[in-house]
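Chains as they are written, first to last, in the numbering used here: chain A, 288 to 708; chain B, 35 to 539.
Every residue, glycine too, gets a C-beta built ideally from N, C-alpha and C.
These figures come from a predicted structure and were not determined experimentally.
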Amino acid sequence: MAHIIDRRLNGRNKSAVNRQRFLQRFKGQIKKAVGDAIAGRSITDIDNGEKITIPSKDISEPVFSHGRGGTREAVHPGNKEFISGDQVDRPEGGGKGSGGKASNSGEGTDDFAFEISREEFLNFFFEDLALPNLVKTQLTTLVQHKMVRAGYTSDGTPSNINIIRSLRGAQGRRIALSAPHRMKLQEARIELEALQKTGRGDTPRAVELKEEIERLEKKIEAIPFIDTFDLRFNNRIRQPKPTTQAVMFCLMDVSGSMDQARKDIAKRFFILLYLFLTRTYEKISLVFIRHHTIAMEVDEDDFFHSRETGGTVVSSALELMYGIIQERYPTSDWNIYAAQASDGDNWSDDSPLCRDLLIDRIMPCVQYFAYIEITADMRQSLWREYENVKETYPNFAMREIQTPADIYPVFRDLFKKANSA
Amino acid sequence: MKKRKVISTSSEWTFDLIERYHTEIARVAGQYRLSTYPNQIEVISSEQMMDAYSSVGLPVGYHHWSFGKEFLNTEKRYRRGQMGLAYEIVINSNPCIAYLMEENTMMMQALVIAHAAYGHNSFFKNNYLFQTWTNADSIIDYLVFARNFIEDCERRYGHEEVELTLDSCHALMNQGVDRYKRPSRLSLRQEQQRQKEREDYRQSQINDLWRTLPASNRATDSAANGRFPAEPQENLLYFIEKHSPLLEPWQREIVRIVRKIGQYFYPQRQTQVMNEGWASFWHYTILNTLYDEGKLSDGFMIEFLQSHSNVLAQPPYFSKYYSGINPYTLGFAVYSDIRRMCENPTEEDRYWFPQLADTDWVSSLDFAMRNFKDESFISQYLSPKVIRDLKLFAVLDDDTRDKMEITAIHEEKGYRYIRQALADQYNLGSREPNIQVYHVDRGGDRSLTLRHTQYQRRPLGESMDEVMKHLGRLWGFTVRMETVSEDGKVELTHETPIEKRKLSR
Chain A
288 MAHIIDRRLN
298 GRNKSAVNRQ
308 RFLQRFKGQI
318 KKAVGDAIAG
328 RSITDIDNGE
338 KITIPSKDIS
348 EPVFSHGRGG
358 TREAVHPGNK
368 EFISGDQVDR
378 PEGGGKGSGG
388 KASNSGEGTD
398 DFAFEISREE
408 FLNFFFEDLA
418 LPNLVKTQLT
428 TLVQHKMVRA
438 GYTSDGTPSN
448 INIIRSLRGA
458 QGRRIALSAP
468 HRMKLQEARI
478 ELEALQKTGR
488 GDTPRAVELK
498 EEIERLEKKI
508 EAIPFIDTFD
518 LRFNNRIRQP
528 KPTTQAVMFC
538 LMDVSGSMDQ
548 ARKDIAKRFF
558 ILLYLFLTRT
568 YEKISLVFIR
578 HHTIAMEVDE
588 DDFFHSRETG
598 GTVVSSALEL
608 MYGIIQERYP
618 TSDWNIYAAQ
628 ASDGDNWSDD
638 SPLCRDLLID
648 RIMPCVQYFA
658 YIEITADMRQ
668 SLWREYENVK
678 ETYPNFAMRE
688 IQTPADIYPV
698 FRDLFKKANS
708 A
Chain B
35 MKKRKVISTS
45 SEWTFDLIER
55 YHTEIARVAG
65 QYRLSTYPNQ
75 IEVISSEQMM
85 DAYSSVGLPV
95 GYHHWSFGKE
105 FLNTEKRYRR
115 GQMGLAYEIV
125 INSNPCIAYL
135 MEENTMMMQA
145 LVIAHAAYGH
155 NSFFKNNYLF
165 QTWTNADSII
175 DYLVFARNFI
185 EDCERRYGHE
195 EVELTLDSCH
205 ALMNQGVDRY
215 KRPSRLSLRQ
225 EQQRQKERED
235 YRQSQINDLW
245 RTLPASNRAT
255 DSAANGRFPA
265 EPQENLLYFI
275 EKHSPLLEPW
285 QREIVRIVRK
295 IGQYFYPQRQ
305 TQVMNEGWAS
315 FWHYTILNTL
325 YDEGKLSDGF
335 MIEFLQSHSN
345 VLAQPPYFSK
355 YYSGINPYTL
365 GFAVYSDIRR
375 MCENPTEEDR
385 YWFPQLADTD
395 WVSSLDFAMR
405 NFKDESFISQ
415 YLSPKVIRDL
425 KLFAVLDDDT
435 RDKMEITAIH
445 EEKGYRYIRQ
455 ALADQYNLGS
465 REPNIQVYHV
475 DRGGDRSLTL
485 RHTQYQRRPL
495 GESMDEVMKH
505 LGRLWGFTVR
515 METVSEDGKV
525 ELTHETPIEK
535 RKLSR
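Structure (structure tokens):
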């Protein structure tokens, strides 16, 4: 007799470990694919899984086998035209004629393609940016709390006393504690009444009963009307409150000196800030401002891909940003973040103006302002002026970077703040 | 016509119905004298089926990235709907484990029970290759041991280290079997000698002191004594396990595990046509018998015949779906024809198969199942009728000639030729390169030399370089490959030099 066993409830992810091993082993290739994907994606689209393709020769498992050449004879089915002795051409691409090599697994594609999940995609992305583990796991918060009611407790401050609950409790207690006395009292009264009706109201028994009644009434009266035990307080707890909306300003210098490689680094910088914000805010608006001597608000595609030439006046972008804040994003409703990327070039008379603009107008409105300078050259006036801003405002971060791994430290203070909150 | 008393009409299955179908199928299988291991039928979900798929059908497997790759591949193809999937997975164990997928219809479950739990099962139990090479009683235990052992190694030595060893072993997995030597045929003397070898080895592990004694005399003696190994060895993994100079004991055990698992699959690689054909023949025969008894409805049969003919479809060579001969089709055709020749032989059959004509077909089939592998099965039983039905023809591709030649087709003078050519196509000896351990330079640099004996001038594939690197990792010293061409010329075709000088500590 056979055993029939229902195994459907057993674990499903028997292959999870093997899958991880695979991803780990081909990290290099997958990271490259992720890098390419980032370049091709919109900032807001970063939060998805990705289809990864690896050249199949990289992942093949070698075994000894016959190569091409020599003689081989193969038997095939479905003859419709040949007779023995026929000479035929070799088929293109070594299909049927090449004999017993049925190992081509059907698809005929050269690449091994598979999908990775959103988490895996982000992990690979973070890895490139050298994020510490703690940050990876809690790319979250900046929590604001609000108090919400959560039932009642038996202790608290007098201002929180809930009168109805307290009195209800007191009444219950009084009823419960006086119940045995009331019963005796009632019995005594009935008996006394019976005695009085039969005219024996003066007998020693009646006197005894009267005393008993008096004693019991006193006892009942002695039960306190309200006791500390009865008090109930409204309970309020702190609940993290999601701040619902934020706006992120992306500022970038698009003058001639910003080449595509620098723009790609800048893009990763913007992506990281965006990701950070998505963990905290439900709704995020993006504003892209590019500038050379004049600043313009553009869409994402233009922002990353169009190229201009000419000089650089950074303050134009800052002014435009301030204008947009005034007009569309009142600080009472919006959390404002800004990320600026530049190669450090600025018209030197303009730099003090930038400093003043930031210190006086912009920094008071924004939660955080991050500036990166993508350059290997000497620092210029803009950097020095920005250092003054940094001294005044702790929520201003700046960094000179050359590779994507340098990006993360810009945000370090920001994350620190989030963690200690 | 008998009145039909069908078991069920709905396409939904229940455990109760599976039980009833199984009882009926078991009864019919008993009528046909199929001898099987006890069955263990497990109902699983499609995700679990993918898991089972990617661990190459082993119910318990150690962890390795290649299984992850297989899983991703299976998952992708299943999602895209390229893979209708997995009617069955059946495991050669005692009791024999067969998986039913929960998404299957009742008909499908019955088909799988007949196919796997009676067809494959009886083949596993009775075919001589399986009897010789696999041990159904202990395989699950062994797999559990293997997984635990490898997990333990990963904890101790780090999984990267273990993975390197496993990668190298996998590359040589197909060279882990003695093809011509059967394990059970050891003489007493050999048995004793082996036992002594093992003892010597253990001794050498214990008496560490001895190794530090000057042993130069002994070494030159043995080098002078000629080649080591005395005869070429075809079981590369076994040779490495026993003789590789630098492997740690745990690495030797891993080599052994991979070798044992390779050996477990060895019969399956050689009996694909026979095994699938046998299972298909029996699901067809058993379900038809049940239908004739009136136990199955017409709807059930139509659904069944549709699945059956899908599985057995053989696209012709010019079709874009063609990817070689379908082993299900070929095997089914040959077994069915054996039955036909036993029951209704023609003049031609009496001439070609006098031993079959007018015999009891059940015993004749049983004999054919027990005593052959694909190669010998085809050269013994491929009948002219099957060759004609499948319109088989043979093509010779010689790289010294401009064109390929059609050497034989399905006609009187071609039958024998085609039969021979097709049998050879299933001969593992010609399908896979013949590679043997030829020499170890024990007195000198300890290099290992392999010999590839060419078959019909076929060279080794490109992946040889990679495999040789793996071999070098396991051996620890220089490894070479020599190729022996058909006229006896020996040529060095590959060398992976490894400079490793372990200073005495």
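Residue i in three-state terms, based on DSSP
{"i": "A/R615", "result": "helix"}
{"i": "A/K338", "result": "strand"}
{"i": "B/Q65", "result": "helix"}
{"i": "B/H193", "result": "helix"}
{"i": "A/S629", "result": "strand"}
{"i": "A/T515", "result": "helix"}
{"i": "A/K383", "result": "Here the model assigns A/K383 a pLDDT of 42, short of 50, so the residue's position is not dependable and the matter cannot be decided."}
{"i": "A/M665", "result": "coil"}
{"i": "A/I370", "result": "coil"}
{"i": "A/R577", "result": "strand"}
{"i": "B/M84", "result": "helix"}
{"i": "A/E407", "result": "helix"}
{"i": "B/F262", "result": "coil"}
Residue i vs residue j beta-carbon contact at 8 Å
{"i": "B/H204", "j": "A/V304", "result": "no"}
{"i": "A/I571", "j": "A/M535", "result": "yes"}
{"i": "A/V362", "j": "B/A428", "result": "yes"}
{"i": "B/R514", "j": "B/T487", "result": "no"}
{"i": "A/G356", "j": "B/P467", "result": "no"}
{"i": "B/E104", "j": "B/K329", "result": "no"}
{"i": "B/V178", "j": "B/V94", "result": "yes"}
{"i": "A/L503", "j": "A/A463", "result": "no"}
{"i": "A/P691", "j": "A/R549", "result": "no"}
Residue closest to residue i, alpha-carbon to alpha-carbon, out of the options
{"i": "A/L296", "options": "B/S80, B/I41, B/G64 and B/I52", "result": "B/S80"}
{"i": "A/H578", "options": "A/S441, A/T599, A/R469 and A/P364", "result": "A/T599"}
{"i": "A/M685", "options": "A/R648, A/D546 and A/D630", "result": "A/D630"}
{"i": "A/D586", "options": "A/T490, A/T580, A/L573 and A/D647", "result": "A/L573"}
{"i": "B/S88", "options": "A/P364, A/F309 and A/E478", "result": "A/F309"}
{"i": "B/E185", "options": "B/E104, B/N269, B/W284 and B/E137", "result": "B/W284"}
{"i": "A/S635", "options": "A/P651, A/D693, A/R615 and A/Y673", "result": "A/Y673"}
{"i": "A/D323", "options": "A/Q311, A/I341, A/P349 and A/R306", "result": "A/I341"}
{"i": "A/V494", "options": "A/I507, A/E478 and A/A509", "result": "A/E478"}
{"i": "A/A400", "options": "A/G443, A/Q316 and A/P681", "result": "A/Q316"}
{"i": "A/I659", "options": "A/D632, A/I649, A/P349 and A/A626", "result": "A/A626"}
{"i": "B/A442", "options": "B/N155, B/Q227, B/L430 and B/V420", "result": "B/L430"}
Residue i at chain B interface by Cβ criterion, 8 Å
{"i": "A/G315", "result": "no"}
{"i": "A/G386", "result": "Low local confidence applies: a pLDDT of 38 at A/G386 is under 50, so the model's placement there is unreliable, with the coordinate-based value given in what follows. It does; some Cβ of chain B falls within 8 Å."}
{"i": "A/K570", "result": "no"}
{"i": "A/R308", "result": "yes"}
{"i": "A/G395", "result": "Note on A/G395: pLDDT 40, under 50, position unreliable in the model; the coordinate value appears next. For A/G395, the answer is no, since every Cβ of chain B falls outside 8 Å of its Cβ."}
{"i": "A/L312", "result": "Position check: residue 312 of chain A holds Arg in this sequence, whereas Leu was assumed. Yes, contact with chain B."}
{"i": "A/G354", "result": "yes"}
{"i": "A/R359", "result": "yes"}
{"i": "A/E595", "result": "no"}
{"i": "A/D345", "result": "no"}
{"i": "A/S404", "result": "no"}
Proximity test, Cβ basis, 8 Å: residue i and chain A
{"i": "B/L494", "result": "yes"}
{"i": "B/F49", "result": "yes"}
{"i": "B/E122", "result": "no"}
{"i": "B/F158", "result": "no"}
{"i": "B/F299", "result": "no"}
* **the stretch 288 to 301 of chain B touching the stretch 355 to 364 of chain B, judged by at least three CB pairs closer than 8 Å** => Because the criterion of three Cβ pairs below 8 Å is not met, the stretch 288 to 301 of chain B and the stretch 355 to 364 of chain B do not touch.
* To do: Could you tell me whether the stretch 401 to 412 of chain B touches the stretch 316 to 329 of chain B, where touching means 3 or more Cβ pairs closer than 8 Å?
  => These segments do not touch.
* Report yes or no: do three or more beta-carbon pairs, one from the stretch 500 to 509 of chain B and one from the stretch 440 to 457 of chain B, lie closer than 8 Å? => Counting Cβ pairs under 8 Å, fewer than three are found: no touch.
* **Validate contact between the stretch 442 to 455 of chain A and the stretch 509 to 524 of chain A using beta carbons, cut 8 Å, 3 pairs** => Judged by Cβ distances under 8 Å, the stretch 442 to 455 of chain A makes contact with the stretch 509 to 524 of chain A, as three or more pairs qualify.
* Report yes or no: do the stretch 66 to 83 of chain B and the stretch 128 to 147 of chain B share at least 3 C-beta pairs separated by less than 8 Å? => With a cut-off of 8 Å, the stretch 128 to 147 of chain B and the stretch 66 to 83 of chain B count as touching, because enough Cβ pairs lie within range.
* So does the stretch 415 to 429 of chain B actually touch the stretch 325 to 341 of chain B, counting three or more Cβ pairs closer than 8 Å? -> Under the 8 Å Cβ criterion, the stretch 415 to 429 of chain B does not count as touching the stretch 325 to 341 of chain B, having fewer than three qualifying pairs.
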